[in-house]
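Participant: Input: one structure, supplied below.
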Ligand SMILES: Nc1nc2c(ncn2[C@@H]2O[C@H](COP(=O)(O)OP(=O)(O)OP(=O)(O)O)[C@@H](O)[C@H]2O)c(=O)[nH]1
Ligand SMILES: Nc1nc2c(ncn2[C@@H]2O[C@H](COP(=O)(O)OP(=O)(O)OP(=O)(O)O)[C@@H](O)[C@H]2O)c(=O)[nH]1
Ligand SMILES: [Mg+2]
Ligand SMILES: [Mg+2]
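Dropping the structure here:
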């Protein structure tokens, strides 16, 4: 849409709106972005699409940066226990992302421990165990069907006694409208607060970039039961753009901390707002 | 919801007489907004609204005492028509086993769904055999084996060092030898733009000639659903769609996108994680859900 030498007319703005909507930015946000771009075009008397593209990308990058200071990357503190609680709907990529994160921190000489708190889904514990073996870190687990809270309890105790740097907790996928499963998540978080009160806790919502506007409901409802601190946007190696995160950061102050770009152990990257904004129009 | 918003749009018109082009355009804007909010893909919305507009400028709306209600009625009818009929029939081959293959993006619910469908067939008195064709995802084979055990349905597996094409071929031989009248093949999740893995699916298809290739689509999918469905259909010529995680609160517009771009029927709807949570597709319920 921003092709060189293109005339900035109604057709241009229509096509821009279409591109934004097709990137899952959402109708309202797309309209707002186009309106603010029109305003800038008039105010700064912009005549070429290159300048306009940069203006729009800058605006989007700004919306994705949220409250700058505390929101750059996953917040890991030295010399204390860090706990990363990973939550999200079914199939979003939680378990795989945890495997990648374990590798990421392990290769940076951190002492990592994993907790297999998805005790429900078939072979979920086995799946995380394979990742633990690949990375070379321990996995705290119990039998399938056991209480997830009990696994989290054990994991917190183990992490404290082993002086673990980073404990990453895998949870079962759950749809946000399932009240009982949302309650279970609340309970898991309470156990973490109680058993590791001095820990630095990050609660990350894993979001599949192929998700549409339902991501908003996910962020809202998960956020009502646990204090979410960020998003991990997965499967960006596909053709989906994940534009819905623009609204999530801007409206809910939920920044994207990392992105998943494949199924391999190294396919995890830090989130760079400017790169993401640029990719929307690639 | 759309009905309320259209009421609002047309409320100011009562007694004004004839509907103007502007009035109809306002109504169409509401329809477009409702569908985009429901995650129906942009191009599908464009075509759909054009179709609705054609009817909306006709006498059924213009001469109606409640034009808002008329437009809602048209939208509902067109949606149901586009969604297709209630279609829960899996193919039945005259030369068993009937071969079913599940395909789709990562994490959409293929493994869970293939087991549910095998369970439905078993309850119908069939003798299904499941084949573990995902050699990439950690514990994927184990996952299918656990489900098979829960359902008392046999799972054919050759471990993760054998190619999926080979697994499918040997599973077919096994089904033929053991009198299984259905062979359901689970495949690894993959991106529609992954040339190598899409070729792998074409190779499996060529090897065992499935009677039913089902594309599994996540009900919460966004705008990209149209690209995924179109590509899988182009590459494999799918026979139907399975819509999963419909027990969530998503409007499910991806269903309309996938159906519209492929023209293939939605055969099943996943309504939960348990093995009994699979229902036939109801176009009228889906239409109502998409419209909010
Ligand atoms: N292409 C791609 N696939 C991914 C990515 N992240 C995860 N996946 C795949 O997505 C599928 C689901 O991943 P899981 O890690 O099992 O997802 P989950 O959220 O733990 O799923 P549940 O525990 O069942 O809710 C797997 O096939 C992963 O390999 C990614 O960044 N890119
Ligand atoms: N609530 C709900 N969850 C579902 C449904 N279908 C599948 N799931 C869940 O979605 C997650 C992913 O399901 P899988 O069957 O592993 O998905 P998949 O397509 O085989 O994943 P890959 O093999 O990694 O591509 C699991 O947590 C399932 O329990 C459904 O209809 N409703
Ligand atoms: Mg998992
Ligand atoms: Mg699977």
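Chains as they are written, first to last, in the numbering used here: chain A, 113 to 394; chain B, 219 to 510. Idealized CB from N, CA, C, for every residue including glycine.
1. Residue 297/B versus chain A: which residues are under 8 Å apart at the beta carbon?
2. Taking Cβ to Cβ, would you say residue 228/A is nearer than 8 Å to residue 282/A?
3. Look at the alpha carbon of residue 424/B and the alpha carbon of residue 394/B, and state the distance between them as a whole number of angstroms.
4. When Cβ atoms are compared, which residues of the region 205-216 of chain A fall closer than 9 Å to chain B?
5. So does the region 182-202 of chain A actually touch the region 351-358 of chain A, counting three or more Cβ pairs closer than 8 Å?
6. So for residue 301/A, helix, strand or coil by DSSP?
7. Have a look at residue 243/A and residue 510/B and give me their C-alpha separation to the nearest angstrom.
8. Please tell me whether residue 373/A and residue 342/A are closer than 8 Å, where the distance is taken between their beta carbons.
9. Cβ of residue 461/B within 8 Å of Cβ of residue 488/B?
10. With ligand 4 as the reference, list in chain order each residue whose Cβ lies under 7 Å from any of its heavy atoms.
11. For the region 250-268 of chain B, list every residue whose C-beta sits within 7 Å of some C-beta in chain A, in sequence order.
12. Do the region 325-344 of chain B and the region 292-305 of chain B touch if we need at least three Cβ pairs shorter than 8 Å?
13. Whole angstroms are fine: how far does the CA of residue 344/B sit from the CA of residue 318/B?
14. Do residue 307/A and residue 269/A come within 8 Å of each other at the CB atom, strictly closer than that value?
15. Using a Cβ-Cβ cut-off of 6 Å (strictly less than) and excluding sequence neighbours within five positions of residue 217/A, which residues of its own chain qualify?
16. Using a cut-off of 7 Å between C-beta atoms, extract the partners of residue 139/A located in chain B.
17. Sorted by chain position, which residues of the same chain lie with C-beta nearer than 6 Å to residue 215/A's C-beta, five sequence neighbours on each side aside?
18. Taking 7 Å as the cut-off, is the CB of residue 491/B close to at least one heavy atom of ligand 2?
19. To be precise: take each residue of the region 353-364 of chain B, compare its Cβ to all Cβ atoms of chain A, and keep it if any distance is under 9 Å. Which residues remain?
20. I'd like to confirm something about residue 285/A: is its beta-carbon nearer than 7 Å to some heavy atom of ligand 3, or not?
21. Considering just the uninterrupted stretch of the alpha helix (DSSP H) at residue 216/A, what are its terminal residues?
22. For residue 380/B and residue 351/B, I'd like the C-alpha separation in whole angstroms.
23. With a threshold of 8 Å, are at least 3 pairs of Cβ atoms found where one atom belongs to the region 257-276 of chain B and the other to the region 471-478 of chain B?
24. So is residue 212/A buried or exposed if we call it buried at 16+ other beta carbons inside 10 Å?
25. Please return the same chain residues whose Cβ sits closer than 6 Å to the Cβ of residue 161/A, not counting the five positions on each side in sequence.
26. Under the three-state reduction of DSSP, which class applies to residue 372/A: helix, strand or coil?
27. Less than 7 Å between C-beta atoms, sequence neighbours within five positions excluded: which residues of the same chain meet that for residue 298/A?
28. For a cutoff of 8 Å on Cβ pairs, would you count residue 127/A as touching chain B?
29. Distance check for residue 116/A and residue 148/A, CA to CA, integer angstroms please.
30. Between the C-alpha atoms of residue 197/A and residue 380/A, what's the straight-line distance to the nearest angstrom?
31. Can you tell me where the beta strand (DSSP E) with residue 450/B in it begins and where it stops?
32. Just by C-beta distance, which residues in the region 304-333 of chain A are closer than 7 Å to chain B?
33. Compare the C-beta of residue 242/A against all C-beta atoms of chain B and say whether one is closer than 8 Å.
34. Closer than 8 Å, CB to CB, is residue 295/A near chain E or not?
35. Which chain B residues are close to residue 136/A, counting only those with a beta carbon under 7 Å from its beta carbon?
36. Closest by CA to residue 314/B, which one among 397/B, 220/B, 450/B?
Facilitator: To lay it out plainly:
1. In the second chain, residue 297/B corresponds to position 79, counting from 1. Under the 8 Å cutoff, chain A gives no residues; its nearest Cβ is about 17 Å from residue 297/B.
2. As a first step, residue 228/A is located in the first chain; it is residue number 116 there, counting from the start. As a first step, residue 282/A is located in the first chain; it is residue number 170 there, counting from the start. Cβ distance < 8 Å, so residue 228/A and residue 282/A count as in contact.
3. Translated into the one-based positions of the second chain, residue 424/B becomes position 206. Translated into the one-based positions of the second chain, residue 394/B becomes position 176. About 18 Å.
4. 205, 207, 208, 211
5. No, the region 182-202 of chain A does not touch the region 351-358 of chain A.
6. Walking along the first chain from the start, residue 301/A turns up at place 189. Residue state for residue 301/A is assigned as helix, using DSSP reduced to three classes.
7. Position 131 of the first chain, counted from the start, is the residue given in the question as residue 243/A. Position 292 of the second chain, counted from the start, is the residue given in the question as residue 510/B. Their backbone Cα atoms lie some 41 Å apart in a straight line.
8. Translated into positions along the first chain, residue 373/A becomes position 261. Translated into positions along the first chain, residue 342/A becomes position 230. Residue 373/A is not a Cβ neighbour of residue 342/A, given a cutoff of 8 Å.
9. As a position in the second chain, residue 461/B is number 243, starting the count at 1. As a position in the second chain, residue 488/B is number 270, starting the count at 1. Judged by their CB atoms, residue 461/B and residue 488/B are nearer to each other than the 8 Å cut-off.
10. 328/B, 329/B, 352/B, 355/B, 358/B, 361/B, 404/B, 406/B, 407/B
11. 251, 254, 255, 257, 260
12. No: the two stretches stay apart, fewer than three of their Cβ pairs being nearer than 8 Å.
13. Translated into the one-based positions of the second chain, residue 318/B becomes position 100. Translated into the one-based positions of the second chain, residue 344/B becomes position 126. So the two alpha carbons sit approximately 14 Å from each other.
14. Along the first chain, one-based indexing puts residue 269/A at 157. Along the first chain, one-based indexing puts residue 307/A at 195. Their beta carbons are under 8 Å apart, which means residue 269/A touches residue 307/A by this criterion.
15. For the purposes of this step, residue 217/A is taken as the residue at position 105 of the first chain. Counting only Cβ-Cβ distances below 6 Å, and skipping sequence neighbours, we find 224, 278.
16. Stepping through the first chain from its first residue, residue 139/A is reached at position 27. Ordered by position in chain B, the residues that pass the 7 Å Cβ test against residue 139/A are 251, 254, 255.
17. Position 103 of the first chain holds residue 215/A. So the qualifying residues of the chain are 247, 377.
18. On the second chain, position 273 is the one that residue 491/B refers to. Correct: residue 491/B has its Cβ closer than 7 Å to ligand 2.
19. So the list reads 354, 355, 356, 357, 358, 359, 360, 361, 362, 363, 364, given in the order they occur along the chain.
20. As a working note, residue 285/A is residue 173 in the first chain. Residue 285/A Cβ: within cutoff of ligand 3.
21. Within the first chain, numbered from 1, the residue matching residue 216/A stands at position 104. It spans 206-218 - the alpha helix (DSSP H) in which residue 216/A sits, taken as one unbroken run.
22. The residue given as residue 380/B occupies position 162 in the second chain. The residue given as residue 351/B occupies position 133 in the second chain. So the alpha carbons of these two residues sit roughly 9 Å apart.
23. Output reads yes: the region 471-478 of chain B touches the region 257-276 of chain B.
24. Residue mapping note: residue 212/A aligns to position 100 of the first chain, counting from 1. By the neighbour-count rule (16 or more Cβ atoms within 10 Å), residue 212/A is buried.
25. Counting from 1 along the first chain, the entry for residue 161/A is found at position 49. Only residues of its own chain outside the window of five on either side were considered, and among them 114, 118 have a CB closer than 6 Å to the CB of residue 161/A, listed in chain order.
26. Here the question's residue 372/A lines up with position 260 in the first chain. Strand, per DSSP.
27. Start at 1 with the first residue of the first chain, and residue 298/A comes out as number 186. Correct list, in chain order: 337, 338.
28. By one-based count along the first chain, residue 127/A stands at place 15. No, residue 127/A lies away from the interface with chain B (no Cβ there is under 8 Å from its Cβ).
29. Here residue 148/A is taken as the residue at index 36 of the first chain, counted from 1. Here residue 116/A is taken as the residue at index 4 of the first chain, counted from 1. Note on geometry: alpha-carbon atoms of residue 148/A and residue 116/A lie some 21 Å from one another.
30. The sequence position of residue 197/A within the first chain is 85, counting from 1. The sequence position of residue 380/A within the first chain is 268, counting from 1. Taking the straight line from one Cα to the other gives about 17 Å.
31. Counted from its first residue, the second chain places residue 450/B at position 232. Residue 450/B -> not in any beta strand (DSSP E); alpha helix (DSSP H) instead, spanning 443-454.
32. 320, 322, 323, 324, 325, 326, 329
33. Along the first chain, read from residue 1 onward, the residue named residue 242/A stands at position 130. Cβ-Cβ to chain B under 8 Å: yes for residue 242/A.
34. Judged by its chain identifiers, the structure shown contains no chain E, and its protein chains are A and B.
35. Within the first chain, numbered from 1, the residue matching residue 136/A stands at position 24. Ordered by position in chain B, the residues that pass the 7 Å Cβ test against residue 136/A are 440, 441.
36. Position 96 of the second chain, counting from 1, holds the residue named residue 314/B. Ranking 397/B, 220/B, 450/B by Cα distance to residue 314/B puts 397/B first.
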